[in-house]
């Protein structure tokens, strides 16, 4: 799935380029759009006290991001396990890869307050499997 | 080095816990405090057109963070190479580890606009070496 | 001008609604889009060391904003003076007004470091005048 | 009440100064600290489904804020009505006033989902009255 957004002035810092935690904010946005597009909007999940909190997140930064640039963030599913899944994300500004990252998330119920992991429902697993793929994540040299 | 901060209401999201990109924002803050404490304040570095942009950042999330809680973020230096260094960060709320992460950063000059990597000055390397150590980063099971 | 965006999960707080400083972030985004649409992109202005920093900003909050909702932010020019202008912004979720705000901004040069106010160029004044209008800003009762 | 904080690198933008919506984030932080210091911590209020959402917020910007600077944010109560109160906030970097702002907030119950205004409890009113005062808010010339 492709999520398109524009880098905003407020996303930059005094070095004139994107302040790096924003890449994680955009991966989170892409993940929500991913579920929205699966026909499983995350605001509906939240009303059912379901969420997909992070177990782990990683990003490799390859080229600086500049404001007013239009970015394409491509999201794929690397794996789906019983209660956990991994999404890979690639940020491109035209042909330039800005960053590559991943998120490992759990499927949890918030019923009762604290997150408690749950099996991912079969119908959602099936939908997610249509997006299996990888984004090569290599260290910058 | 220990960096202490309080989780703020605005750091939470509709799930009632910390919105995860904030952990990277706090690692960035701790890194700046780390250099400030080395006697090498990052606002002075910036005036000399020097910065330490990210090559890679990673975080494992172990326990949710709640607002109004006081957090201790401990930062150590895992390695220092010619132009690159790695900091490890551990977030604790009392005895509870909330998250463990790392940042790999380059030492760059912004002279001329785009970041260009530079050897880390010897006097800064020496200061950093006093903080060598590790924070065990293990995947959540 | 209309600027359309979606409220994101990370824009909410533990009360389950938009964390209020985000409305100012969105007014800033709309202002940049306003200049982009005038044929005067703000990243180009920045390269010429020109910016439009805030003198004053205000917002009245009328109805809570919820994540995954699509918002239309309408921006108009209330006045243009020699070196200062005022934009009014109205946030709508469908027919519901979420918030009404304004920004008073200066036209400044960053040449030499600190912002220094400058007369707004005539060709930009002319473009802006095509967007004169008002958004009634009334206190919530 | 005085709330002290440091401007962080991530609070700046490509103009090299504070990105303005952060001033509202800091006013929100100061408001939470204000209630924490009254012996009425806002995380406890939240557990009782009580909150103080914004009706209106305003800020006048007088001098740019720079990263690594230590700021003192002074908060006073301008008025307390039955269900609404107004806080005034003044940001100082040493002797320099960076910004002056205010927030008008309601006392609400979140019981049942949507915010519903409630009379401010007498014991909280009494505590707040000890902090009556004003911060002159004048337009920048």
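Chains as they are written, first to last, in the working numbering: chain C, 1 to 141; chain P, 1001 to 1141; chain Y, 2001 to 2141; chain R, 3001 to 3141. Using N, Cα and C, we set each Cβ at its ideal position, and we do this for glycine too.
Distance check between residue 2052(Y) and each of 2023(Y), 2087(Y), 2074(Y), 2021(Y) places 2087(Y) closest, using alpha-carbon atoms only. Note that the segment 3021–3039 of chain R does not touch the segment 21–39 of chain C; fewer than 3 beta-carbon pairs, one per stretch, sit closer than 8 Å. Against chain P, the beta carbon of residue 2010(Y) has neighbours under 8 Å at 1013, 1019, 1021, listed in chain order. Where residue 3100(R) is concerned, the enclosing beta strand (DSSP E) starts and stops at 3096–3106.
Secondary structure note for residue 1002(P): it is in no alpha helix (DSSP H), and the uninterrupted beta strand (DSSP E) holding it is 1002–1006.
Below the 8 Å Cβ cutoff, chain R contributes no neighbours of residue 94(C), its closest Cβ being approximately 20 Å away. Annotated three-state conformation of residue 30(C) is helix, per DSSP.
Contacts with chain P (Cβ-Cβ distance below 8 Å) from the segment 2055–2086 of chain Y involve 2067, listed in chain order. DSSP places residue 2013(Y) outside any alpha helix (DSSP H), giving it a letter other than H or E. Within the segment 1048–1089 of chain P, the complete beta strand (DSSP E) segments of 3 residues or longer fall at 1054–1061, 1070–1080, listed in chain order. Short of 7 Å from the beta carbon of residue 1020(P), and not among the five residues preceding or following it, lie these beta carbons of its own chain, in chain order: 1061. Using a Cβ distance threshold of 8 Å, residue 2105(Y) and residue 2045(Y) do not count as a contacting pair. Taking 8 Å as the cut-off, the beta carbon of residue 73(C) is found closer than this to the beta carbon of residue 91(C).
Per DSSP, the beta bridge partners of residue 1091(P) are 1073(P), 1099(P). With a 10 Å radius around the Cβ and a threshold of 16 neighbouring Cβ atoms, residue 2004(Y) comes out exposed.
Leaving aside the five residues that flank residue 2013(Y) on each side, the residues in its chain whose CB is nearer than 6 Å to its CB run, in chain order, 2019. In this structure, the straight-line span from the alpha carbon of residue 43(C) to that of residue 122(C) is close to 20 Å. In its chain, beyond the 5 residues on either side, 3024, 3027, 3101, 3102, 3103, 3104 have a beta carbon closer than 8 Å to the beta carbon of residue 3057(R).
If you ignore the 5 residues before and after residue 64(C), its C-beta comes within less than 6 Å of the C-beta of 17, all in its own chain and listed in chain order. Taking 8 Å as the CB threshold, residue 2115(Y) stays off the interface with chain C.
DSSP, read as helix, strand or coil, puts residue 3132(R) in strand.
Proximity of chain Y to residue 25(C) at the Cβ level (cut-off 7 Å) is accounted for by 2010, in chain order. Distance between residue 3041(R) and residue 3015(R), taken at the CA atoms: about 36 Å. In this model, residue 1118(P) and residue 95(C) are separated by some 27 Å (Cα to Cα). Cβ-Cβ distances below 6 Å link residue 3022(R) to 3011 in the same chain, with the five nearest sequence neighbours on each side left out; the list follows chain order.
A direct Cα-Cα distance of roughly 19 Å separates residue 1037(P) from residue 1071(P). Residue contact with chain C for residue 3133(R): absent (no Cβ-Cβ distance below 8 Å to any residue of chain C). One finds 2015, 2017, 2020, 2061, 2064 in chain Y with Cβ atoms closer than 8 Å to the Cβ of residue 3053(R), taken in chain order. Distance from the Cα of residue 2080(Y) is smallest, within the candidate group 2132(Y), 2001(Y), 2002(Y), 2006(Y), for 2132(Y). Counting of Cβ neighbours within 10 angstroms places residue 3050(R) among the buried residues, the total reaching 16 or more. Residue 2(C) has a beta carbon lying at 8 Å or more from every beta carbon in chain P. Only residues of its own chain outside the window of five on either side were considered, and among them 2023, 2099, 2101 have a CB closer than 6 Å to the CB of residue 2059(Y), listed in chain order.
Against chain C, the CB of residue 1028(P) has a partner CB under 8 Å away; the residue lies at that interface.
Nearest CB-CB separation between residue 1098(P) and chain C: not below the 8 Å threshold. For residue 1037(P), no Cβ of chain R is located within less than 8 Å of the residue's own Cβ.
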